[in-house]
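Visitor:
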Amino acid sequence: MPKTYICKANAKPRVLWTSNDLQSAINVVKSGIIGVNEAAKNSSQPGPSGVQIAQNRTPEKSSPGKAPDLFSPVPVITLAAKRARRPIAGVLSSNQCITKQPKTKRQNNKRRQPSKKQKKASSSSESEEVVLDNSEEEQLSDYGNECVGCREDFRKTKKKDDWIQCILLKQWLHEGCTNYGSFCHLCGARITKRKK
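Residue numbers (the numbering used here): 1275 to 1470.
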């Protein structure tokens, strides 16, 4: 059977005791005002000999005002510990990311190279050489003269592919350096991403 304790009038529940209240309760027990025998008389628990000590008083009826005191201390529900998730994102400036990045770029470059062989168009314009004025050629920036896909300069190109201009960026590239028709690789990837 549970122990029943009778509280003093206007007494605080033990949960709300401060360190001074606790110290004064210890001093009362040490001084002998209330001791083990007094606690045994108020308790319905059997004593050390196994004989239950009869109570002389009838238990007080509980009222709604005293009900919270009967239930104190309020039990605290402990939540189950959440497992830490494995971090998905990483620090981009870490050594691991820096060493992995060049490898992935090389692999992507290998994938971009089309394996299809282009048919050669037979025309008389290929056999004729066009001579450009060197003074104007030097004034043009090198950036405008290189392929967006493979970064090969127009003047030094060794590929036999035709040159096409990207519709959006207006930059030039080899026909074999793109898989998106009249778009460069960047614009073509953006357009297909929007369609999805």
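Don't be surprised by glycine CBs; every beta carbon is placed ideally from N, CA and C.
Apart from the five residues on each side of it in sequence, which residues of its chain come closer than 7 Å, Cβ to Cβ, to Gln1413?
Guide: Low per-residue confidence applies at Gln1413: pLDDT is 46, beneath 50, and the placement is therefore not dependable enough to give any value.
Visitor: Near Ile1441, what residues of its chain come up, given a Cβ to Cβ distance below 7 Å and the 5 sequence neighbours on each side ignored?
Guide: Once the five neighbours on either side are set aside, the close Cβ partners of Ile1441 are Ser1456, Phe1457.
Visitor: Measure how close the beta-carbons of His1448 and Cys1424 come, nearest whole angstrom, since I'm counting them as under 8 Å.
Guide: At roughly 7 Å, the Cβ-Cβ gap stays under 8 Å, so His1448 and Cys1424 are in contact.
Visitor: Tell me which residue opens and which closes the alpha helix (DSSP H) that Trp1296 is part of.
Guide: Strictly speaking, residue 1296 in this sequence is Leu, with Trp absent from that position. Note, Leu1296: alpha helix (DSSP H), 1293 to 1305.
Visitor: Take Trp1446 and list the residues in its own chain whose beta-carbon comes closer than 6 Å to its own, dropping the five residues that flank it on each side.
Guide: Excluding positions up to five away in sequence, the list reads Trp1437, Gln1439.
Visitor: On a CA-only basis, which of Ile1465, Lys1433, Lys1430 is nearest Leu1443? Give me that one, please.
Guide: The shortest Cα separation from Leu1443 among Ile1465, Lys1433, Lys1430 belongs to Ile1465.
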